[in-house]
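Comments concern the structure below.
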Amino acid sequence: MAIKKTTEIKPGAYEDAILGFRNHWYPGFKSDEIPEGEFKTLVLLGENLLVKRIDGEVYAVQDACAHRGYKFSEQLECYTKNSITCPVHAFTYNLKNGELVTIPSDPDSSLIGKANLHSYPVQEVKGMVFIFVGDIDPPAPLIEDVPPGFLDDDLYLVPSVNVTCDCNWRIAADSGFDPNHIFMHKDNEMLDFLKFPFPIASKIKGDDPFEEIEVVETEGGPKGLLDDLNETIPVYEHTFECDGEVGTMKSMFPPDPEGMAAQGFGSITGSLWLPGCLHVDPFPVPGMCHFEWWVPVDETTHRYMITYGKRTTDAEEREQFKQEVENVWYQQGYENFNRYDTILNNGMQETYGDQNYLYGQREVLAKTDGYTLSWRRLASKHNRGIQTRYGKK
Amino acid sequence: MAIKKTTEIKPGAYEDAILGFRNHWYPGFKSDEIPEGEFKTLVLLGENLLVKRIDGEVYAVQDACAHRGYKFSEQLECYTKNSITCPVHAFTYNLKNGELVTIPSDPDSSLIGKANLHSYPVQEVKGMVFIFVGDIDPPAPLIEDVPPGFLDDDLYLVPSVNVTCDCNWRIAADSGFDPNHIFMHKDNEMLDFLKFPFPIASKIKGDDPFEEIEVVETEGGPKGLLDDLNETIPVYEHTFECDGEVGTMKSMFPPDPEGMAAQGFGSITGSLWLPGCLHVDPFPVPGMCHFEWWVPVDETTHRYMITYGKRTTDAEEREQFKQEVENVWYQQGYENFNRYDTILNNGMQETYGDQNYLYGQREVLAKTDGYTLSWRRLASKHNRGIQTRYGKK
Amino acid sequence: MAIKKTTEIKPGAYEDAILGFRNHWYPGFKSDEIPEGEFKTLVLLGENLLVKRIDGEVYAVQDACAHRGYKFSEQLECYTKNSITCPVHAFTYNLKNGELVTIPSDPDSSLIGKANLHSYPVQEVKGMVFIFVGDIDPPAPLIEDVPPGFLDDDLYLVPSVNVTCDCNWRIAADSGFDPNHIFMHKDNEMLDFLKFPFPIASKIKGDDPFEEIEVVETEGGPKGLLDDLNETIPVYEHTFECDGEVGTMKSMFPPDPEGMAAQGFGSITGSLWLPGCLHVDPFPVPGMCHFEWWVPVDETTHRYMITYGKRTTDAEEREQFKQEVENVWYQQGYENFNRYDTILNNGMQETYGDQNYLYGQREVLAKTDGYTLSWRRLASKHNRGIQTRYGKK
């Protein structure tokens, strides 16, 4: 457990955020992963959480007794639906707020109501359970930690993916916004399914790698970066010569701007938001948008979540879209496309796992890494603190 | 191997005793686990031991050649029953005292009789093999490291359990004497077997959590704590309210003081002794007593041993008691009761495994933890040194 | 990856060389382990290498993209036979020299030709692929890192063994030259096959354990130690007394100097060469010689390689010897003899794995360890630097 009691907000360096940024909201589950009355566990930024839905609402407390540290989830014991009892000495806590409710051997103890579990603020929106990991009270508004428009009433969202990946969350975040990691997708089955002429690279128009990136840092709103992906020059084929041999890399399909426009693709906008969410709109097809999160689990693991969105308030259209996500886009969008991001990202963990490698000491960044650098700068400036293991710097 | 040569006795803090206390006697085996002539290995306080019974007596030496560190147990080689030969360079040692006996390539070496293995003092009593881990020579008398009366002639003992547990030895020791960990036993099958009205908690009568605990620190005798378990107020049922819900915890059977007395239960005394032994008398039934040890293996593992005792010098009664332990009490006392201690203790290891958590920094101790605190104080005051890894503080 | 850029040669202490000595040539593979066009990976002194044979020549580069560290071998991607392309951003490198050849998103980048992979010098000789791990440029001549005569035209070599062992390379190197580790071989099946009267120990004739060892440190040549194994007094039987018991160790066959001479065995010479190669000549039989290497992989692992040699330039004799190695000596020389070295060496890793144990602090060296000490001194004096993990001392 890593709970420090402080309410001060001190942004820290991205390089130090191996466990993520503290005092932010993170998606913990898709709503349908937490049925009424079942306990779930979750590791978030290195902390162990015990989670339960009670009368429809989701609550989360630290998964360790405040008395002597017993991990509740090892042997769950309950005498009411809204409490958890430690099986060792019967210390009993209110799951809704973490308060110590009773100690059978000392019912009048002055600890009652004081030796409480840390209770994590929870907000369930858009079919997702967001959890605030931090100390500031009240927590920051959720609207500041999700992409603009995410909470709009007319945006219907269908959470689709929640998987664990074997690399630090920053490796994924560094590549999420980077317009040239698209090279890795060039053979993905989804492109064939959509007959999508997907470029293998994107050239920056001018000389300034930061020029096209819009930094959003409005007071009281989410902090992020915006990029019109059509502002770069797409590359569909590239030939090179190496020591007398000639090699050619190319897209699955040649460029077809008219075809794309006819399908309804105008400009595609990518944007990246603290504490770690990518929004691509439209994607994978016109009329749909895509959100993905990289949620820190521990030093070498993160969870990858995807939700798909459509702007409609019509109930029937919503139901139809839900079916479509389940029947088509989970397979095409995740299995046949974004799953490759997670595989390739894992291939950078061994190198980045050496903390000395990180961030400028041994990387050789190129012109197109302006995107990644912009993200690291924004994240370093606007985060609300660095998560650390208890007792460690 | 972790052998430091010093004869000074310097008690250290319980908080630092992650590998146990040095210069004490620990039970290593039940006697029947070491048949004549067979080598056994043992890890005790982080040290590797090689153990053999020769002509009836048990001997223990370090399991690493003094010359170049080969671990003998990897490939045992012997040319006499009382020696061990390193298979690499044939350095040959006397198992009874660790002395270097011969080097075939240099039979007149000045190392003979000097480059010896550490030889661990061993005493086999009451069907158990006690081993002294330390440097002081001669070792402390065994009688100072076992509960009072343990060596009495009329006390017949039947060693019953020797198992490895996945938590530091102190987690077990902290709970062994603690009268409120009994909550964890409330559903244990043994209580049903005995129709035993076992309380779920014990209230302290006054306000002073240390009042009822008798500290025993007689010069030349074992150091420990004594408690008459009947001095506390037993709780058989406890009801609480949490946010409108009412919960009730209760014992398997209602209290029945007359019934207990009729069975022969008067007062039950628990006592806890350095370096880590609990004595409960009578237990589990009148006429029997129970000893248990928590023996440090390494930082995250200990061995749990139980022996059952009965005061009788009659040979037939002894044989009958031995059968009873094997046929009834191993199952009822260990499998159906104390095994649950070991399971629950393991559930605290993740929290206590973080050394920063330990001992006052993040624990929230309650009134009834006076027992645990008394033990930690006594142990810190009367141990004969802290065990450390070689070359580490 | 552990690449430091420096060209200075600073010999370091053997005690510090847990990852081996930098700026030396090491055998990486037997030639037949690298067929044309197949990628192979290799860990050498803690560094990850990507290896490929192109048009007959073997090349090796660092197995991590210079841009963002992706480990190429996780998903190999190539557009020409002589290049490697990172699947993440398409940075493409020349495998022959490590040069960055192209970046599709920025083909005119100033990084081209500059943000290169480390390219390891490779020399394939005598059926073995030697790789230089270091920074000095040009690398030291290979002839300085192999035993004298190894590259002679009339010496025909048949590489036979390349296996991984679970101990640090120094444990193997310390014992390779040591004339008393032969005790471990006394029951080996090869001795029975050859009816070889192999001693169980070797006594030094005089009092000076260093007297018989010839140190070779000629400028511009390999640095090593030479020993005529017949200069010591062989021991075929040794009797000792331990506490009233008498033990006898003896060779499989009694000494038979005439028989040995009749078989063609004169003197056998053992020699040990930086960075870690043993040469025994003749061995296992007259007319043959044996080379073995201990190649550092990481802190707790090394590779063990054996090649057998015969002096002949006759093509038919060479082919016949190759068959003989494959049909007889792999089984007899390795499986039935030297494999036991690797097993016994692993039994010292637990002790030597504690760095505090190493080298004089807790070893108790005997007279016959002059061989081992001479090797450590020579190695400490003539190595070209200590290998360290990147960013660590």
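Protein chains in written order, with numbering that gives the first Met the number 0: chain A, 0 to 392; chain B, 0 to 392; chain C, 0 to 392. In this text, a Cβ means the ideal position worked out from N, Cα and C, and glycines have one as well. All values reported here derive from a predicted model rather than from experimental measurement.
Interface criterion met: the Cβ of A/M248 is under 8 Å from a Cβ in chain C.
Of all residues in the stretch 258-281 of chain C, none is placed with a Cβ closer than 8 Å to any Cβ belonging to chain B.
Residue environment for C/N187: buried (at least 16 other C-beta atoms within 10 angstroms of its C-beta).
Contact between B/T306 and C/G246 fails: their C-beta atoms lie close to 38 Å from each other, not under 8 Å. Taking every protein chain shown into account, the CB of C/N22 has 16 or more other CB atoms within 10 angstroms, so this residue is buried. The Cβ atoms of C/P146 and C/C64 do not sit closer than 8 Å to each other. For the stretch 287-316 of chain B, no residue has a beta-carbon sitting nearer than 8 Å to a beta-carbon of chain C.
In this structure, the beta-carbon distance from A/G27 to A/V42 does not fall below 8 Å. Taking a contact as a CB-CB distance under 8 Å, the pair C/T300 and C/C164 counts as one, their CB atoms being some 7 Å apart. Check the Cα spacing between B/D191 and each of B/E14, B/R383, B/F336 and B/H381: the tightest is with B/F336. Excluding five sequence positions before and after C/G133, the CB atoms of its chain that fall closer than 6 Å to its own CB belong to R21 and N22, given in chain order.
Counting C-beta atoms within 10 angstroms of its own C-beta, C/Q262 has fewer than 16 neighbours from the protein chains shown and is therefore classed as exposed. Among the residues of chain C, those whose CB is under 8 Å from the CB of A/I199 are A89 and P103, following chain order. Contacts with chain C at 8 Å (Cβ-Cβ) include B/A114. Positions of the alpha helix (DSSP H) runs, each at least 4 residues long and wholly inside the stretch 135-223 of chain C, are given as 168-175 and 188-193 in order along the chain. B/S201 and B/M259 have their C-alpha atoms spaced approximately 17 Å apart. In the three-state reduction of the DSSP assignment, C/H23 falls in the strand class. Below the 7 Å Cβ cutoff, chain B contributes N81, N93 and K95 as neighbours of C/D242, in chain order. Of all residues in the stretch 65-81 of chain A, only A65, H66, R67, G68, Y69, K70, E73, Q74, Y78, T79, K80 and N81 place a beta-carbon less than 7 Å from a beta-carbon of chain B. With a minimum length of 4 residues, the unbroken runs of alpha helix (DSSP H) contained wholly in the stretch 327-383 of chain A fall at 338-345, 348-351 and 369-381. In the DSSP annotation of this structure, the continuous segment of the alpha helix (DSSP H) that includes C/E318 starts and ends at A314 to E323.
Taking 8 Å as the cut-off, the beta carbon of C/G346 is found closer than this to the beta carbon of B/Y69.
The C-alpha of C/P86 is placed about 19 Å away from the C-alpha of C/K95. For A/M259, the uninterrupted alpha helix (DSSP H) segment begins and ends at P256 to Q262. Where C/P285 is concerned, there is no enclosing beta strand (DSSP E), because DSSP gives it neither an H nor an E.
When the five nearest sequence neighbours on each side are left out, the beta carbons in the same chain lying within less than 6 Å of the beta carbon of A/D177 are those of Y370 and T371, in order along the chain. As DSSP reads the structure, B/H301 sits in a beta bridge with B/C164 and B/P295. Residues of chain C whose Cβ lies closer than 7 Å to the Cβ of B/A63 are, in chain order, T350. Per DSSP, reduced to three states, the secondary structure at A/L228 is helical. The three-state secondary structure of C/Y78, taken from DSSP, is coil. Going by DSSP, A/L43 is part of the beta strand (DSSP E) stretching over F38 to L43. By alpha-carbon distance to A/L224, the top candidate from A/I8, A/V60 and A/S373 is A/S373.
If you look at A/T387, you'll find it isn't in any beta strand (DSSP E); DSSP assigns it neither H nor E.
The Cβ of A/K204 sits no closer than 8 Å to any Cβ of chain C.
Taking a Cβ-Cβ cut-off of 8 Å, the neighbours of B/S108 in chain C comprise A365 and K366, given in sequence order. Contact note: C/F176 does not reach chain B at a C-beta cutoff of 9 Å; the least C-beta distance is about 13 Å.
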